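Read in order, the letters of the sequence shown correspond to residues 2 to 273 in the working numbering.
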Amino acid sequence: IWTPEGSPLRKFTSDLAENLSKKLNSPIALGRDATVDGNRSPAYDVLSAVTYGQPSIETQLDNLSALGVEKILVVPLYPQYSATTTGAVYDRLAQYIVKRRRIPEIICVNNYYRHPFYIRALANSIRKSWGERGKSERLLLSFHGLPAAYAEKGDPYPQQCLETAGMVARDLELPSDAFACSFQSRFGPSAWVKPYTDDLLRDWARAGVGEVDVVCPSFAVDCLETLEEIQLQSENLFREHGGNNLQYVPCLNASPDHVLLMENIIIEYLPI
């Protein structure tokens, strides 16, 4: 799953930031004549960061501050909010702020699990897969898992995942028996939110379902959990229990629809 440029997570995230910067700063987007104003500074500086590792959130905030940026929008690439993901970004921001006397205005997007451009982008990616490889008997929307105890304490993530899945299915005009929502990537002995992706795929295969499409809406870009766990391991599991074919639908990655989604989120918070 490694690319010539390294980790697919880093590559696709970097490509998304680059494509988004080009889109936001294009003459058409800004309503300017590039031939007249060709040397202008970008209206939007777009940088990517990771919560754990480099380039870190702190490093990129410092880089933006050094450019003289007075307002920063942080868009965690987690469509559904969880204290374990978006919440961790809030923690990093708080750690950054408390160490500094002077900071720019910082806004953080909480979620975008119901955003119409997000739902349409997911639906379009599935339609694209159907157009290229055909439509399978079932569609599985597999989200990253969460310990059940977290949900019981009020983490809204599972409910937001269910809402996303339902909205995508409605956009695709799928009947209720043609799709399902599940949770993957669990580890450890504790119970996680159910149904589990591997259990559901196993049950479908044993029940005679021959072909399934699997999309992973909680992952903005492809990574180990999608390319290794779903595209490879889950396909093998499905076949081992009687299924014929599992078609993995790639994440939105740096696609035009993903760029359009990010552009609309940014303009909503930071209009020119």
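Virtual Cβ for every residue (Gly too), placed ideally from N, Cα, C.
Since this is a predicted model, take the numbers as computed values, not measurements.
Collapsed DSSP secondary structure at V215 in the structure displayed: strand
Continuous alpha helix (DSSP H) stretch holding R207: start and end: 198 to 207
With 16 other Cβ atoms within 10 Å as the buried cut-off, status of P218: buried
Residue range of the beta strand (DSSP E) that includes A181: Run containing A181: 180 to 185, per the beta strand (DSSP E) assignment.
Helix, strand or coil at H116 according to DSSP, with G and I counted as helix: coil
Proximal residues to A166 (C-beta, below 6 Å), its chain only, five neighbours per side dropped: L142, C182
Length-filtered (3 minimum) beta strand (DSSP E) runs lying within the stretch 229 to 269: 246 to 250
C-beta atoms of L147 and T85 nearer than 8 Å: Yes, the pair counts as a contact, with Cβ atoms nearer than the cut-off.
Same chain, Cβ closer than 7 Å to D38, neighbours up to 5 away in sequence not counted: Its pLDDT being 46, under 50, D38 is placed unreliably in this model, and the value from its coordinates should be taken loosely. Taken in chain order, the list of residues that qualify is empty.
Nearest-angstrom Cα separation, counted from P176 out to S66: 50 Å
Strand pairing of E106, partner residues [DSSP]: K72
Residues bridged to P148 (per DSSP): P148 is bridged by DSSP to W193.
Simplified DSSP assignment, three categories, for L173: coil
For R139: DSSP bridge partner residues: V213
Where T4 falls: helix, strand or coil (DSSP): strand
At least 3 beta-carbon pairs within less than 8 Å: the stretch 56 to 70 vs the stretch 20 to 31: no
Cβ-Cβ separation, F239 to L247 (assumed contact under 8 Å), whole Å: 5 Å
Per-residue burial, N111 [other beta carbons within 10 Å of its own, 16 or more giving buried]: exposed
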